[in-house]
Amino acid sequence: MNLNNKTILLTGGTGSFGNKFTELLLKNYTPKSLRIFSRGEHKQREMKNKFDSNRLRFFIGNVRDKERLHRAMNGVDIVVHAAALKQIPAAEYNPLETIKTNIRGAENVINAALDNDVERVMAISTDKAVNPVNLYGATKLCAERLFVQSNSYVGKGKTKISCVRYGNVLGSRGSVVPLFLKQKKSGELTITDERMTRFWITLEQGINFVINSIERMEGGEVFVPKIPSMKIVDLAKAIAPEAELEAIGIRPGEKLHEVLLPPEEARHAKEFDDYFVIEPEFDFWNKENCKDGKDLPEGFKYSSDNNDQWLSKKELRKLLKDLDIKHE
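Note that UniProt numbering has the sequence shown beginning at 1, numbered continuously upward.
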């Protein structure tokens, strides 16, 4: 499916993902319209002034409100679901609110899409959903399962529903980069553990992967990109080479390394040149959909510490420069 001449709805549309998605979509495609669905009128006004496009439509609404979602999806061809409560400490302190948005909100998106016979729904997930150790990850795991299994509700409809799962976004509002830049002025950066590794992807790379996955999806897959890992120590040194590093210990709900594809899911996953597809284990799935992919070896695990792609300090500095994130 090509995104040209399609009506697209983007939940959480005024966030970092939404702004970049809108920029790339308007630059590289000619959608019939892009509906920005979010809670805040101020951020919507900022986006309206920033892009000044007659293809944009702004819908104030919350994914907790199923009636509003149902109305917003009328006539929509593609839904990209990016709305979520993402901050781990805030999720731990507000668990019921996180469940309402990340799980009940996912249910509302699914039902509204099915009822409006939307062609394709792509949900944005996270490596935190794999073997979760915090509430945020647990809600995203539950949301993933809902989106995958909801394909069994399609019946005679045309809706296809899938997920994209990737790691930390370099330089995004919730990443560690802004913190390191702020701490740089003091000459001391705090890291939780010197051994810590993370997957890293730029916002543009993540969005391009989402768009490519929408174009190739059959419904029920979880798409996982092959992306590089980095050591948190290297990131700190790339941002502030002369700064002292203070290890303060792993925070509650934090992992030493992140996993994008655990062995349990690798058993029913396929490998392609630059991504993996986790196939659903349900009757609605046609095994021929991924016939061109390779089976993974028994016990395969794709984690940030066993990756074969690593970012060096030099590459990190270049990325920060390309993203216009000051590091000197």
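Note that CB positions come from ideal geometry on N, CA and C, so glycine has one too.
Return the chain-ordered list of same chain residues with a C-beta closer than 6 Å to the C-beta of residue i, the five sequence neighbours on each side being excluded.
{"i": "T197", "result": "S229, K231, H257, S304 and D305"}
{"i": "D77", "result": "K6, T7 and E119"}
{"i": "L311", "result": "P228 and M230"}
{"i": "H268", "result": "E279 and E281"}
{"i": "C142", "result": "I103"}
{"i": "A84", "result": "N102"}
{"i": "T202", "result": "L170"}
{"i": "A138", "result": "P132"}
{"i": "G105", "result": "V63 and R64"}
{"i": "N307", "result": "S229"}
By a C-beta neighbour count over all protein chains shown, 10 Å radius and 16 as the cutoff for buried, is residue i buried or exposed?
{"i": "D283", "result": "exposed"}
{"i": "I60", "result": "exposed"}
{"i": "L10", "result": "buried"}
{"i": "E281", "result": "exposed"}
{"i": "P95", "result": "exposed"}
{"i": "I278", "result": "buried"}
{"i": "I186", "result": "First, the residue type needs correcting, since residue 186 is Ser and not Ile in the sequence shown. Answer is exposed; the Cβ neighbour count stays below 16."}
{"i": "L179", "result": "exposed"}
{"i": "E265", "result": "buried"}
{"i": "S152", "result": "exposed"}
{"i": "E271", "result": "buried"}
{"i": "D322", "result": "exposed"}
{"i": "N286", "result": "exposed"}
{"i": "M73", "result": "buried"}
{"i": "F251", "result": "Contrary to the premise, residue 251 reads as Arg rather than Phe in this sequence. The residue is exposed, with fewer than 16 neighbouring Cβ atoms inside 10 Å."}
{"i": "P89", "result": "exposed"}
{"i": "G220", "result": "buried"}
{"i": "K27", "result": "exposed"}
{"i": "E298", "result": "exposed"}
{"i": "K156", "result": "exposed"}
{"i": "residue 339", "result": "No answer is possible for residue 339: it lies beyond the span of the chain, which begins at 1 and ends at 328."}
{"i": "D274", "result": "exposed"}
Spatial neighbours of residue i within its chain, please: CB distance less than 8 Å, with the 5 preceding and 5 following residues excluded, ordered by chain position.
{"i": "P31", "result": "L3, N4, N5, K6, T7, I8, L25 and R55"}
{"i": "K255", "result": "V133"}
{"i": "E328", "result": "Reliability of the predicted coordinates at E328 is poor, the pLDDT of 40 falling under 50, and no value is obtained from them."}
For residue i, which residues of its own chain have a beta-carbon under 7 Å away from its beta-carbon, when the five flanking residues on both sides are left out?
{"i": "E204", "result": "K20 and L24"}
{"i": "residue 329", "result": "Outside the modelled stretch of the chain, which goes from 1 to 328, sits residue 329, for which no answer is possible."}
{"i": "D115", "result": "H70"}
{"i": "T14", "result": "I36, S38, G40, K43, Q44 and M47"}
{"i": "G206", "result": "Y166 and V169"}
{"i": "R195", "result": "L256"}
For residue i and residue j, which I take to be in contact (beta-carbon distance under 8 Å), what is that distance rounded to the nearest angstrom?
{"i": "Y136", "j": "T192", "result": "In fact, because the Cβ distance is near 17 Å, the residues do not count as touching under 8 Å."}
{"i": "L189", "j": "L245", "result": "6 Å"}
{"i": "Q44", "j": "S38", "result": "6 Å"}
{"i": "K313", "j": "A240", "result": "Not really, about 11 Å apart at Cβ, beyond 8 Å."}
{"i": "F17", "j": "A82", "result": "5 Å"}
{"i": "K184", "j": "A243", "result": "6 Å"}
{"i": "L316", "j": "L235", "result": "6 Å"}
{"i": "G253", "j": "E92", "result": "6 Å"}
Identify every residue that forms a DSSP beta bridge with residue i.
{"i": "L245", "result": "L189"}
{"i": "D295", "result": "K270"}
{"i": "R198", "result": "M230"}
{"i": "T7", "result": "S33"}
{"i": "S303", "result": "V259"}
{"i": "W285", "result": "Partner(s): none; W285 has no beta bridge."}
{"i": "I278", "result": "V222 and A269"}
**OP:** Please list the segments of the beta strand (DSSP E) lying wholly inside the segment 143-189, counting only runs of 3 or more residues, in order along the chain.
**Re:** 160-166
Subject >> Inside the segment 9-87 only - beta strand (DSSP E) runs reaching at least 3 residues >> reply: As far as the segment 9-87 is concerned, its whole beta strand (DSSP E) runs of at least 3 residues are 33-38, 56-60 and 78-81.
Subject >> Segments assigned beta strand (DSSP E), at least 3 residues, entirely inside the segment 205-259 >> reply: 222-225, 229-231 and 244-247
Original post:
What are the complete alpha helix (DSSP H) segments, minimum 4 residues, inside the segment 102-126?
Top reply: 105-115
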